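So the sequence shown is numbered by our numbering: it starts at 502 and just counts up by one.
Glycine residues also receive a C-beta, built at the ideal position from the N, C-alpha and C atoms.
As the structure is a computational prediction, the values presented were derived from the model and not from experiment.
Take a look at the structure below.
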Amino acid sequence: MPVIGIGGFFFRAADPEGLTTWYRETLGVGGGCGKDEQGQSSDWFWFPEPGAVVFSPFTATTDYFAADKQFMLNFRVRDLDGLLEQLNALGIAITTKDEWDTPETGRFARIHDPEGNPIELWEPPAG
502 MPVIGIGGFF FRAADPEGLT TWYRETLGVG GGCGKDEQGQ SSDWFWFPEP GAVVFSPFTA
562 TTDYFAADKQ FMLNFRVRDL DGLLEQLNAL GIAITTKDEW DTPETGRFAR IHDPEGNPIE
622 LWEPPAG
């Protein structure tokens with residue numbers, strides 16, 4: 502297959518510069534975050550760690566995320582508890598549910614960016 506990965510995620514925002522800054526400073530996501538194989542960073546690119554990516558369309562009637570949203574970002578994280586402490590200190594509302602977490606799939610939490618876009622934080626199972 503010619504497709505080898507996700508090359509970008511593009512979406513509309515009322516305040517693109519502000520949202521770019523929020524993602525970079527709050528979650529470490531976006532241009533200037535991470536380093537390439539040579540240890541270099543780029544203002545344009547984000548170099549996430551390699552790992553599993555789920556690509557899954559949902560039914561139009563799903564209740565897995567808000568009905569008025571067409572997408573939900575899912576970020577793979579390390580140390581979910583530590584990240585949740587940091588987000589809580591920033592005053593960011595966090596939702597967790599015991600039924601979301603399983604030994605097979607890992608642990609989950611939900612937040613929203615300043616424009617209301619849903620974000621799922623996922624700590625994969627150890628191993």
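Exercise. Taking the C-alpha atoms as reference points, what is the distance between D544 and V578?
Worked result: 22 Å
Exercise. For A515, is the classification buried or exposed, using 16 other Cβ atoms within 10 angstroms of its Cβ as the cut-off for buried?
Worked result: exposed
Exercise. Among the residues of its own chain, which have a CB less than 8 Å from the CB of W523, if the five just before and after it don't count?
Worked result: D614 and P615
For this session: Work out the CA separation of N575 and G540 for me, nearest whole Å.
Result: 25 Å
Problem set entry | R608 in three-state terms, based on DSSP | strand
Exercise. What distance in whole Å lies between the Cβ atoms of P626 and T606, which are believed to be in contact at a cut-off of 8 Å?
Worked result: 7 Å
For this session: Classify F609 as buried or exposed, calling it buried when 16 or more other Cβ atoms lie within 10 Å of its own Cβ.
Result: buried
Exercise. According to DSSP, what are the bridge partners of F576?
Worked result: L622
Exercise. Under the rule that 16 or more other beta-carbon atoms within 10 Å means buried, what is N618, buried or exposed?
Worked result: buried
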